[in-house]
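**Student:**
Protein chains in written order, with the working numbering: chain A, 5 to 204; chain B, 58 to 450.
1. Apart from the five residues on each side of it in sequence, which residues of its chain come closer than 7 Å, Cβ to Cβ, to residue 160/B?
2. Report buried or exposed for residue 121/A, applying the criterion of at least 16 other Cβ atoms within 10 angstroms of its Cβ.
3. Identify, in the order they occur along the chain, each residue of the same chain with its Cβ nearer than 7 Å to the Cβ of residue 115/A, setting aside the five sequence neighbours on each side.
4. Could you give the first and the last residue of the continuous beta strand (DSSP E) run that contains residue 55/A?
5. Let me check understanding here. Comparing Cα to Cα, which of 168/A, 137/A, 102/A lies closest to residue 149/A?
6. Just checking my contact of residue 376/B with residue 425/B at CB under 8 Å: how many whole Å lie between their CB atoms?
7. Rounding to the nearest angstrom, what Cα-Cα distance links residue 443/B and residue 392/B in this structure?
8. Please state the DSSP three-state secondary structure of residue 68/B.
9. Please check if any C-beta of chain B sits within less than 8 Å of the C-beta of residue 153/A.
10. Report the option in 97/B, 341/B, 347/B whose CA atom is closest to the CA atom of residue 123/B.
11. Compare the Cα-Cα distances from residue 333/B to each of 270/B, 401/B, 362/B, 216/B and report the closest residue.
12. Closer than 7 Å to a non-hydrogen atom of the ligand COA - does that hold for the CB of residue 93/B?
13. To the nearest whole angstrom, what separates the beta carbons of residue 118/A and residue 8/A, a pair I think is in contact under 8 Å?
14. Considering only residues of the same chain and omitting the five flanking positions on each side of residue 137/B, which have a CB-CB separation below 6 Å?
15. Would you mind listing the alpha helix (DSSP H) stretches within the segment 245-328 of chain B that are 4+ residues and don't spill past its ends, in chain order?
16. For residue 79/A, tell me which candidate among 134/A, 11/A, 52/A has the shortest Cα-Cα distance.
17. Looking at the C-beta of residue 377/B, does it have a partner C-beta in chain A at a distance below 8 Å?
18. Report the residue from 245/B, 91/B, 189/B, 134/B whose alpha carbon sits nearest the alpha carbon of residue 174/B.
19. Using the C-alpha atoms, what's the distance from residue 112/A back to residue 314/B?
20. Does the beta-carbon of residue 198/B have 16 or more other beta-carbons within 10 angstroms, so that it is buried, or is it exposed?
21. Can you tell me which residues form a DSSP beta bridge with residue 106/A?
22. Would you mind sorting residue 238/B into buried or exposed? The rule is 16 or more other CB atoms within 10 Å of its CB.
23. Please state the DSSP three-state secondary structure of residue 417/B.
24. Measuring straight from C-alpha to C-alpha, what distance separates residue 105/B and residue 178/B?
25. Determine the direct distance from the alpha carbon of residue 371/B to that of residue 154/A, and round the result to whole angstroms.
26. Roughly how many angstroms separate the alpha carbons of residue 310/B and residue 369/B, rounded to a whole number?
27. Whose C-beta lies closer than 8 Å to the C-beta of residue 50/A among residues of the same chain, with five residues either side of it excluded?
28. Within the same chain, show all residues whose beta-carbon is closer than 7 Å to that of residue 202/B, passing over the 5 residues directly before and after it, in chain order.
29. Pick helix, strand or coil for residue 93/A, following the three-state DSSP scheme.
30. Which word fits residue 225/B, buried or exposed, when buried means at least 16 other C-beta atoms lie within 10 angstroms of its C-beta?
31. Is DSSP giving residue 170/A helix, strand or coil here?
32. I'd like the span of the alpha helix (DSSP H) that includes residue 126/B, first residue to last.
33. For chain B, is any of its Cβ atoms less than 8 Å away from the one on residue 136/A?
34. How should residue 432/B be labelled, buried or exposed, when 16 other C-beta atoms within 10 angstroms of its C-beta is the threshold for buried?
35. To which residues does DSSP link residue 390/B through a beta bridge?
36. For residue 202/A and residue 66/A, which I take to be in contact (beta-carbon distance under 8 Å), what is that distance rounded to the nearest angstrom?
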């Protein structure tokens, strides 16, 4: 029996998927959670074999839940999403997510992926992979990404310069190049784009 | 994507493409050159009057100070905002410098025309509202002509008639010539803004078209699904098998709707093949596979419609089969076409799940007249695809 934890903030989808998965003979849904925080607490308590996590959840998203849990319990993780933002797959794979599929897949396919993942395999849906492969390349250099990464919480130019051991003028140059490349007006907007695309 | 840099400056300020700045510098240097001629003309005229066949150094010095003031004001013109103040506070000193130089000129030479020209030129290039500028320049020119007549009548300074004529011509023409140049600049700015608006409009229209397509598509499918479900509901009691069939049909319709929406969304998404290969490498590396990618730059000319799906399919295959450690992707240009190869260390094709994927690849490649070569070895799995084409000559 594969013990599954299900986390999705949309109650209709969560209960329907849970009911459909319970119909499978070898799958038992042990917990249904409405958000990431609850999913982490229940997973630590129940130690399920597979966690099926919705990517878009308020607070902690599916990939972050997987990243936090993968260090503490031996569960396997499947992330489902309605709209795979470019870069998310890369982030998911590096946080130890074993399965990634769009929400449009039927429950029988979800069950098949749960089985495959529980058996130690990995599954990446071709649709999600196609999205990731046809993503525009990051136009920023590693140093420019460093500047955005260090300054993502609104740190001042001076703080960024100290952290990276650069001159403030150099940091300002990097920032203005970044703004030009991304076509935005502020460093904050650049950080948002870079986070959304999974570059930092 | 429409670039939006308007937040960097105040609202209503100009947001311009880079190429137009060359024209700005060209405009400014034309005006400055004219001013230079104007200053040397007067300095030369007084030099001659004083009996030296040389420029008058004091007049030249006053002219140089005035020139610096106008440079400042001209550069301020570039920063101006359409509905901004006539004379921003930071530009007041420059205007005062010009005025002081003008008074100095009047005292030095006794010429009302020269002194007034020094003051009226900077005034005519201030940030006048559209339409007002024309009247200002008209008035300024009329005043200068009148002062020229007065100067001639007074003839306080004996000047060589030819030198006087040159100085007078420059003085009277200067404001009009400068403003004409700046007007030309304003026209260019207006064109540039129109171009930006046009590209925004095109993007909006495109969005509208996509929205309409999505609406039509979803509307159609939802209607079909509603009918299928209604039929199933009515059949349920009398003909359970028929009802089941309708429900299955509804599920197929849902799948079609999803796929259709997706196809719409990805219709405009194409990236160069070399980018796709690089993305594949990043993805495999994120999954803990030591992946390398070699793609020659000119390989971007390869047929993306055939090779793109092949790259996606083969990369997904490598990802699906966990446990791999190495993968190598290569896309190269050959004299007779393009060759794509992906090699990984997966031990054979154990579960055979990607059989259909490979068949799909073979079909696509065959349609393009190419070949697929699959090599299965105990510790290596390789798919090589060759597509004929122009390639490298």
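Quick reminder that beta carbons are idealized off the backbone N, C-alpha and C, glycines included. Since the structure is predicted, the reported quantities are computational estimates derived from the model, not experimental observations.
**Tutor:** With the given structure in hand:
1. Contacts found: 172.
2. Per the 10 Å Cβ criterion, buried.
3. Cβ within range, chain order: 25, 28, 31.
4. Under the DSSP assignment, residue 55/A falls in the beta strand (DSSP E) whose first and last residues are 54-58.
5. Ranked by Cα distance from residue 149/A, the options 168/A, 137/A, 102/A are led by 168/A.
6. Actually they do not touch by this definition, with Cβ atoms about 25 Å apart.
7. In a straight line, the C-alpha of residue 443/B is about 12 Å away from that of residue 392/B.
8. Its pLDDT being 38, under 50, residue 68/B is placed unreliably in this model, and the coordinates cannot settle the point.
9. No, residue 153/A lies away from the interface with chain B (no Cβ there is under 8 Å from its Cβ).
10. Checking every option, the nearest Cα to that of residue 123/B belongs to 97/B.
11. Minimum Cα-Cα distance from residue 333/B among the listed residues 270/B, 401/B, 362/B, 216/B corresponds to 362/B.
12. Among the components of this structure there are no ligands whatsoever, and the ligand COA is therefore not found.
13. That pair is a contact at about 6 Å.
14. Only 184 meet the Cβ criterion.
15. Assignment of alpha helix (DSSP H) within the segment 245-328 of chain B, counting only whole runs of 4 or more residues, yields 297-323 in chain order.
16. Ranking the options by Cα distance to residue 79/A, first place goes to 52/A.
17. So yes, residue 377/B belongs to the interface.
18. Looking at the Cα atoms, 91/B is the closest of the given residues.
19. For residue 314/B and residue 112/A, the gap between their C-alpha atoms comes out near 19 Å.
20. Result: buried.
21. Paired residue(s): 85/A.
22. Looking at its Cβ environment, which holds 16 or more other Cβ atoms inside 10 Å, residue 238/B is buried.
23. In the three-state DSSP reduction, residue 417/B falls in the helix class (H, G or I).
24. Distance between the alpha carbons of residue 105/B and residue 178/B: 25 Å.
25. Inter-residue distance for residue 154/A and residue 371/B is about 36 Å (C-alpha atoms, whole angstroms).
26. Their Cα atoms are separated by approximately 26 Å.
27. Same-chain partners within the cutoff: 7, 9, 34, 35.
28. Closer than 7 Å at Cβ, skipping near neighbours: 229.
29. Three-state DSSP puts residue 93/A in a helix.
30. With 16 or more Cβ atoms within 10 Å of its Cβ, residue 225/B is classed as buried.
31. Collapsing the DSSP output to three states places residue 170/A in coil.
32. Unbroken alpha helix (DSSP H) run through residue 126/B: 114-136.
33. Interface with chain B (8 Å Cβ-Cβ cutoff): residue 136/A is included.
34. Looking at its Cβ environment, which holds fewer than 16 other Cβ atoms inside 10 Å, residue 432/B is exposed.
35. According to DSSP, which records beta bridges pairwise, residue 390/B is partnered with 395/B.
36. Not confirmed; about 14 Å, so no contact.
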